[in-house]
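Remember, the working numbering sits 2 above the position in the sequence shown when you count from 1. Here's the structure, in structure tokens; my notes come after.
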Amino acid sequence: MTSFDDYDIQILTLLQANGRLTSQQLSDLIGLSASQCSRRRIHLEQTRKILGYHARLSPGATGPEITGLIEVRLINHTPASVDSFHQRVASSSAITDAYKTTGDADYLLKVTVTDLQSLSRLISQLVADHQSVAHVKTSVVLNRLKEGGVMLVGGDSHNG
């Protein structure tokens with residue numbers, strides 16, 4: 003199976019909504035045999051169309067947390083500077099998502115820390131450790147309304 007077809011798209015869509023679906027459940031939903039669904043899932047994993055499975059946690063499930071969005075602009079874009087910055091992003095467990103962007107910022111980082119002091123320390127490290135960082139702009143998330151395509155239960159849309 004080398005091509006990507008409508009069944010693969012259905013499998014990906016269903017697994018994105020619920021990664022715990024069994025091959026039998028997929029079979030019932032899309033009309034292929036369980037063994038075909040299993041083979042297709044394995045192929046999608048091996049070809050890195052599926053990168054992994056995870057649990058979607060409620061806000062604060064692992065304790066108090068602060069989510070920040072940090073815009074980063076680099077002074078220069080030499081390969082060495084960019085590689086150094088990418089290594090810093092990769093090595094920080096506090097940086098949960100990183101995007102190269104257009105516009106005023108070169109990168110947008112989503113970070114999760116335990117308190118404002120940790121956020122301040124992370125920002126200082128980004129600037130101090132990388133002479134190629136020209137500017138950072140940080141926003142603190144007050145309320146998570148929608149994440150991963152899912153409206154979060156209990157999100158208060160009237161405040162913040």
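Ideal placement from N, C-alpha and C gives every residue a C-beta, glycine not left out.
Use the C-beta contact count for residue i: other C-beta atoms within 10 angstroms, 16 or more gives buried, fewer gives exposed.
i      : result
Ile77  : exposed
Phe6   : exposed
Ser95  : exposed
Tyr109 : buried
Ala44  : One point to set straight first is that residue 44 is Ile, not Ala, in the sequence displayed. The residue in question, Ile44, is exposed, as its Cβ has fewer than 16 Cβ neighbours within 10 Å.
Ser25  : buried
Asp158 : The predicted model places Asp158 with a pLDDT of 48, which falls under 50 and marks its position as unreliable; any figure quoted below should be read in that light. Looking at its Cβ environment, which holds fewer than 16 other Cβ atoms inside 10 Å, Asp158 is exposed.
Leu144 : exposed
Are the beta-carbon atoms belonging to residue i and residue j less than 8 Å from one another?
i      : j      : result
Lys102 : Thr69  : no
Ile13  : Arg50  : no
Ile72  : Thr140 : yes
If you draw a straight line from the alpha carbon of residue i to that of residue j, how long is it in whole angstroms?
i      : j      : result
Gln133 : Leu17  : 42 Å
Thr80  : Val135 : 12 Å
Leu28  : Tyr9   : 10 Å
Ser86  : Asp99  : 17 Å
Pro66  : Gly33  : 44 Å
Identify the continuous beta strand (DSSP E) that holds residue i and give its terminal residues.
i     : result
Asp99 : 97-102
Leu71 : 68-76
Which first and last residues belong to the alpha helix (DSSP H) in which residue i is found?
i     : result
Ala36 : 36-48
Which residues share a DSSP beta bridge with residue i?
i      : result
Ser141 : Leu71
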